[in-house]
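Some notes on the structure that comes next.
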Amino acid sequence: MKSLIDRISERVAQALERVGVPGDPIVRESQNPQFGHFQSNCAMSAAKKAGKRPRELAAAIVKELDIEGVCEPPEIAGPGFINLRITPEYLSKCLGEIPPGDGSCEDRVGIDPHKSPVTVVVDMSSPNLAKELHVGHLRSTVIGDSVARILEFAGHNVIRENHVGDWGTQFGMLVAHLRRTRPEIAENPRDLVIKDLEAFYVEAKNRFDTDEDFKREARETVVALQQGDPKTRNIWRAFCDESMRHCNHIYDRLGFRAEYRGESYYNDEMRRVVARLEAQMQADPDGPIRISQGALCVFFDEKTLEPDGPPPLIARKSDGGFNYETSDLAAITHRVDTLGATRIIYVVGVEQVAHFKKVFPTVRRIGWIGPEIELVHLAFGNMLAPSGKKYSTRDGGADKLETLLDEAVARARRVVEGTNEGRSGDAAPMTEEEIDRIAEVVGLGAIKYFDLCHALTSHYKLDPDIMLSLDGNTAPYMMYAYARVRAIGRKAGVRFGDLPADAPIIVQHPSEIALALALLRFAAVVDTITRDLHPNVLTEYLYDLAKAFSRFYDRKVGVRVIDASSEATKLSRLKLCDLTARTLRVGLRMLGIETLEKM
RNA sequence: GCGCCGGUAGCUCAGUUGGAUAGAGCAUCGGAUUUCUAAUCCGAAUGUCGUGGGUUCGAGUCCCGCCCGGCGUACCA
219 MKSLIDRISE RVAQALERVG VPGDPIVRES QNPQFGHFQS NCAMSAAKKA
269 GKRPRELAAA IVKELDIEGV CEPPEIAGPG FINLRITPEY LSKCLGEIPP
319 GDGSCEDRVG IDPHKSPVTV VVDMSSPNLA KELHVGHLRS TVIGDSVARI
369 LEFAGHNVIR ENHVGDWGTQ FGMLVAHLRR TRPEIAENPR DLVIKDLEAF
419 YVEAKNRFDT DEDFKREARE TVVALQQGDP KTRNIWRAFC DESMRHCNHI
469 YDRLGFRAEY RGESYYNDEM RRVVARLEAQ MQADPDGPIR ISQGALCVFF
519 DEKTLEPDGP PPLIARKSDG GFNYETSDLA AITHRVDTLG ATRIIYVVGV
569 EQVAHFKKVF PTVRRIGWIG PEIELVHLAF GNMLAPSGKK YSTRDGGADK
619 LETLLDEAVA RARRVVEGTN EGRSGDAAPM TEEEIDRIAE VVGLGAIKYF
669 DLCHALTSHY KLDPDIMLSL DGNTAPYMMY AYARVRAIGR KAGVRFGDLP
719 ADAPIIVQHP SEIALALALL RFAAVVDTIT RDLHPNVLTE YLYDLAKAFS
769 RFYDRKVGVR VIDASSEATK LSRLKLCDLT ARTLRVGLRM LGIETLEKM
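The working numbering puts the first residue of the first sequence at 219, with every later residue one more than the last.
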């Protein structure tokens, strides 16, 4: 199913052709209902180019516009706006085209998969395996998961990559510390269990900073690790596995999954990357690849060659070692050449813009990646503590991600308990088990929703009160809206999935028309977010939909559903309820948020 | 110093490739209520879109200067 805006745009574009001024139809949703549902702003800009009067051109476009049955007769307003109002009949027709839902995860609410799917890599979460997941990993995990779900829904082939930090100097330290404190485990690394990874890291770090002998030992361990010493590798591997188990526990709770391909995976690839760069450098001594201050660099931009220009990308350090940039070069080539990606999305904090502004131009400059490959740094701002301060990664332990989740769930439980009193009928008081489950879903949903409803690049302050508020643009509100719609089906004694497919959806009342328009806007929203990857556009849409539903269902400004005046009207409205519920559920699922039948 | 990002209602934030009178929510005030789950609905009030110029039919949006805040700036990831 095409979005309304696309359907109208096509027709306006055809009219523009016929008038002899082909171009962008510039169809937008109208901000103000007095200007209709949609408006085309093409007459003004086209008139400018063609040297015509905007209003006259608008009249000519309207004359050629084949929109009968879709819109009311168009109106021309202001300097040359063409205002379009969709007819209720057309809304009914479009809604009727949406196939019934079977209640499964496959429900597409009538939205077709993308015509030409591509392979997309989403690089997300990327924790350092030396420590536990920290609150700082929340955003990349939640946003990355949502972006992946959005692209999957759109029909693309999504590869979720968790580029975990499982390599580097700190692992020498950790292995050495393990050998000293638990030699028996070092002999049998399979039995490795570390309850508190964070504490273990802090101990090792302290020892490293204070004990010279240990420091030497740690460094020797790094060398042994890098040279592939089997015993050291076994301990290292066991440590990484144990660390991954800690991560997975949290990932499971969050409903998150991704392929683990750590930095260590790229060891060989990094050697090849550097060799390739050296070969290119020798073939083109005056090219962008040069040795500078002992390091193998890529001067990816003319400005980097200037004395005070931005620093070049360093592909190999002057001591011969590799760094983050080397591994990203290796990862890109792997993703393009081996995985076949044509779009790579890095869900990484905004403080790393400079890094990607080196890596992306570099791979293009040296000709490794063509223009057909899209590289995106989906940068996000920090989640700040309620105090307004940045969570610190350095002072270990205090800000474990799991603690944050537990606190949110505990708070959600209090909210659910508080509203569980004085209920009757379908909303009767719940058992402890039910409340536990609801609290988990609501608490985690609240964290995710609060994160995703902010614009990506802005920083936001964690505010548990707002996050779990029952009013406003929050997860509890959205979940409640869903539960409420579902309850209507139960109350009416029908299963939404069993509503007769041929029963027409008739929209007449203003609240029905508003709800129909909101429902049909979903297709356009999916198009937009598939392109721009802004989850907050989706949360805003879902909130609008929930509000449209509240009005539709309101007994003052809305209509009666269960006790509608006729059976046909009742069926029609129940189908609107069903479509609302399905859209909310599909939309929330794209955010990685579960729904509840009761709350 | 240079570079990047931000500054929109009392608060938290939206604002779609430049579109009409700049929007939500929260908080505030007023109204609705014997409910289809009121976790709702209706209404009111609130703005020099940091600031000064420029581009044009039209600027929160694009360009230039300045002020304020955050972040990054050659071998950590």
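Glycine is no exception: its CB is placed at the ideal position from the N, C-alpha and C atoms. Quick caveat: nothing in here was measured; it's all calculated off a predicted structure.
**Message:** On a Cα-Cα basis, can you pick out the residue from 487, 686 and 288 that is closest to residue 623?
**Reply:** For the purposes of this step, residue 623 is identified with residue 405 of the first sequence, where counting begins at 1. For residue 623, the closest C-alpha among the options 487, 686 and 288 is that of 686.
**Request:** Could you tell me whether the segment 755-763 touches the segment 229-243, where touching means 3 or more Cβ pairs closer than 8 angstroms?
**Result:** no
**Message:** Going by the DSSP bridge assignment, what does residue 513 pair with across the sheet?
**Reply:** Counted from its first residue, the first sequence places residue 513 at position 295. Residue 513 pairs with 510.
**Request:** List the endpoints of the continuous alpha helix (DSSP H) containing residue 470.
**Result:** The residue labelled residue 470 in the question sits at position 252 within the first sequence. Residue 470 -> alpha helix (DSSP H) spans 448-472.
**Asked** Is residue 574 helix, strand or coil when you go by DSSP?
**Response** Taking the first residue of the first sequence as position 1, residue 574 is located at position 356. Note: residue 574 maps to helix in three-state DSSP.
**Item:** Bridge partners - residue 352, DSSP secondary structure assignment
**Value:** Walking along the first sequence from the start, residue 352 turns up at place 134. For residue 352, which the question treats as bridged, DSSP gives the partners 618.
**Cut-off 6 angstroms between Cβ atoms - residues of its own chain near residue 613, not counting five sequence neighbours on either side** = Indexing the first sequence from 1 puts residue 613 at position 395. Low local confidence applies: a pLDDT of 46 at residue 613 is under 50, so the model's placement there is unreliable, with the coordinate-based value given in what follows. Counting only Cβ-Cβ distances below 6 angstroms, and skipping sequence neighbours, we find nothing.
**Prompt:** Since residue 305 is in the beta strand (DSSP E), which residue starts that stretch and which ends it?
**Reply:** One-based indexing of the first sequence puts residue 305 at position 87. It is not in any beta strand (DSSP E) - residue 305 carries neither H nor E in the DSSP assignment.
**Buried versus exposed call for residue 357 [16 or more other C-beta atoms within 10 Å across all chains shown]** = What you label residue 357 is simply residue 139 of the first sequence in a count that begins at 1. Residue 357 should be labelled buried.
**Item:** Whole alpha helix (DSSP H) elements within the segment 268-347, 4-residue minimum
**Value:** 272-282 and 306-314
**Request:** Can you grab the Cα-Cα spacing for the pair residue 579 / residue 570, in whole Å?
**Result:** Here the question's residue 579 lines up with position 361 in the first sequence. Here the question's residue 570 lines up with position 352 in the first sequence. So the two alpha carbons sit approximately 15 angstroms from each other.
**Request:** Report yes or no: do three or more beta-carbon pairs, one from the segment 356-370 and one from the segment 393-411, lie closer than 8 angstroms?
**Result:** In short, these stretches do not touch, since the Cβ pair count stays below three.
**Request:** For my contact list, residue 289 and residue 273 are in at a C-beta cut-off of 8 angstroms; report their separation, rounded to the angstrom.
**Result:** If you number the first sequence from 1, residue 289 lands on position 71. If you number the first sequence from 1, residue 273 lands on position 55. Between residue 273 and residue 289 the Cβ distance is about 19 angstroms, and since that is not below 8 angstroms, they are no contact.
**Prompt:** Which residues bound the alpha helix (DSSP H) around residue 595?
**Reply:** By 1-based counting over the first sequence, the position of residue 595 is 377. Note, residue 595: premise wrong, no alpha helix (DSSP H); beta strand (DSSP E) at 592-598.
**Message:** Taking the alpha carbon of residue 799 as the reference point, which residue from 763, 681 and 781 has its own alpha carbon closest?
**Reply:** As a first step, residue 799 must be located in the first sequence, where it is residue number 581. Checking every option, the nearest Cα to that of residue 799 belongs to 763.
**Request:** Apply the 10 Å Cβ neighbour rule to residue 802 and answer buried if 16 or more other Cβ atoms are within range, or exposed otherwise.
**Result:** One-based indexing of the first sequence puts residue 802 at position 584. Under this definition residue 802 is a buried residue.
**Prompt:** Name the DSSP beta bridge partners of residue 730, please?
**Reply:** Counting from one through the first sequence, the residue named residue 730 turns up at place 512. Answer by DSSP bridge pairing: none, since residue 730 is not bridged.
**Message:** On the criterion of 16 or more Cβ atoms from any shown chain inside 10 Å, does residue 406 qualify as buried, or is it exposed?
**Reply:** As a first step, residue 406 is located in the first sequence; it is residue number 188 there, counting from the start. Exposed is the call here.
**Asked** How long is the line joining the alpha carbons of residue 316 and residue 670, rounded to whole angstroms?
**Response** On the first sequence, residue 316 is found 98 positions in, with the first residue counted as 1. On the first sequence, residue 670 is found 452 positions in, with the first residue counted as 1. Straight-line Cα distance between these residues: approximately 28 angstroms.
**Message:** Going by DSSP, what residue range makes up the beta strand (DSSP E) through residue 258?
**Reply:** Walking along the first sequence from the start, residue 258 turns up at place 40. Its beta strand (DSSP E) spans residues 256-258.
**Prompt:** Which residue comes first and which comes last in the beta strand (DSSP E) that contains residue 531?
**Reply:** What you label residue 531 is simply residue 313 of the first sequence in a count that begins at 1. Unbroken beta strand (DSSP E) run through residue 531: 531-534.
**Prompt:** Going by Cα to Cα distance, which pick from 703, 230 and 720 is closest to residue 261?
**Reply:** Taking the first sequence and counting its residues from 1, the one referred to as residue 261 is at position 43. Residue 261 has its Cα closest to that of 230, out of 703, 230 and 720.
**Asked** Does DSSP put residue 724 in a helix, in a strand, or in coil?
**Response** Numbered from its first residue, the first sequence carries residue 724 at position 506. Coil.
**Request:** Quick one: give me the first and last residue of the beta strand (DSSP E) that residue 566 is part of.
**Result:** For this step, residue 566 is matched to residue 348 along the first sequence. Looking at the DSSP string, the run of the beta strand (DSSP E) that includes residue 566 is 561-567.
**Prompt:** Would a C-beta distance cut-off of 8 angstroms place residue 532 and residue 524 closer than the cut-off?
**Reply:** Within the first sequence, residue 532 is the residue found at index 314, counting from 1. Within the first sequence, residue 524 is the residue found at index 306, counting from 1. In this structure, residue 524 does not lie closer than 8 angstroms to residue 532 by Cβ.
**Asked** To the nearest angstrom, how far is it from the Cα of residue 526 to the Cα of residue 510?
**Response** In the first sequence, counting from the first residue as 1, residue 526 sits at position 308. In the first sequence, counting from the first residue as 1, residue 510 sits at position 292. Distance between the alpha carbons of residue 526 and residue 510: 15 angstroms.
**Request:** Work out the CA separation of residue 428 and residue 342 for me, nearest whole Å.
**Result:** Stepping through the first sequence from its first residue, residue 342 is reached at position 124. Stepping through the first sequence from its first residue, residue 428 is reached at position 210. It is roughly 35 angstroms from the alpha-carbon of residue 342 to the alpha-carbon of residue 428.
**Message:** I believe residue 507 touches residue 340 by the beta-carbon criterion, under 8 angstroms. Please report the beta-carbon distance rounded to the nearest angstrom.
**Reply:** Counting from one through the first sequence, the residue named residue 507 turns up at place 289. Counting from one through the first sequence, the residue named residue 340 turns up at place 122. Not really, about 29 angstroms apart at Cβ, beyond 8 angstroms.
**Message:** Considering just the uninterrupted stretch of the alpha helix (DSSP H) at residue 496, what are its terminal residues?
**Reply:** As a first step, residue 496 must be located in the first sequence, where it is residue number 278. Unbroken alpha helix (DSSP H) run through residue 496: 485-501.
**Asked** To which residues of the same chain is residue 774 closer than 6 angstroms at the C-beta, ignoring the five residues directly before and after it?
**Response** In the first sequence, the residue the question calls residue 774 occupies position 556. Hits under 6 angstroms: none found.
**Asked** Tell me which same chain residues have a C-beta within less than 6 angstroms of the C-beta of residue 593, skipping the five on either side of it?
**Response** For the purposes of this step, residue 593 is identified with residue 375 of the first sequence, where counting begins at 1. Cβ neighbours of residue 593 beyond the five flanking positions: 562 and 578.
**Rounded C-alpha distance that separates residue 665 from residue 626** = Locating residue 665 in the first sequence gives position 447, counting from the first residue. Locating residue 626 in the first sequence gives position 408, counting from the first residue. If I take the Cα positions, the gap works out to 7 angstroms.
**7 angstroms CB neighbourhood of residue 330 in its chain, flanking five on each side removed** = Residue numbering aside, residue 330 sits at position 112 when the first sequence is read from its first letter. Within the same chain, residue 330 has close Cβ partners 219.
**Prompt:** What's the gap between the Cα of residue 599 and the Cα of residue 536?
**Reply:** The residue you call residue 599 lines up with position 381 of the first sequence. The residue you call residue 536 lines up with position 318 of the first sequence. Between the C-alpha atoms of residue 599 and residue 536 there is a straight-line separation of about 33 angstroms.
**Request:** For residue 411, count neighbouring C-beta atoms within 10 Å of its own C-beta (all shown protein chains included) and say buried if the count is 16 or more, exposed if not.
**Result:** Translated into the one-based positions of the first sequence, residue 411 becomes position 193. Its Cβ having fewer than 16 others within 10 Å, residue 411 is exposed.
**Message:** Please list the terminal residues of the continuous beta strand (DSSP E) segment that includes residue 406.
**Reply:** Against the first sequence, residue 406 aligns to sequence position 188. For residue 406, there is no enclosing beta strand (DSSP E), as DSSP gives it neither H nor E.
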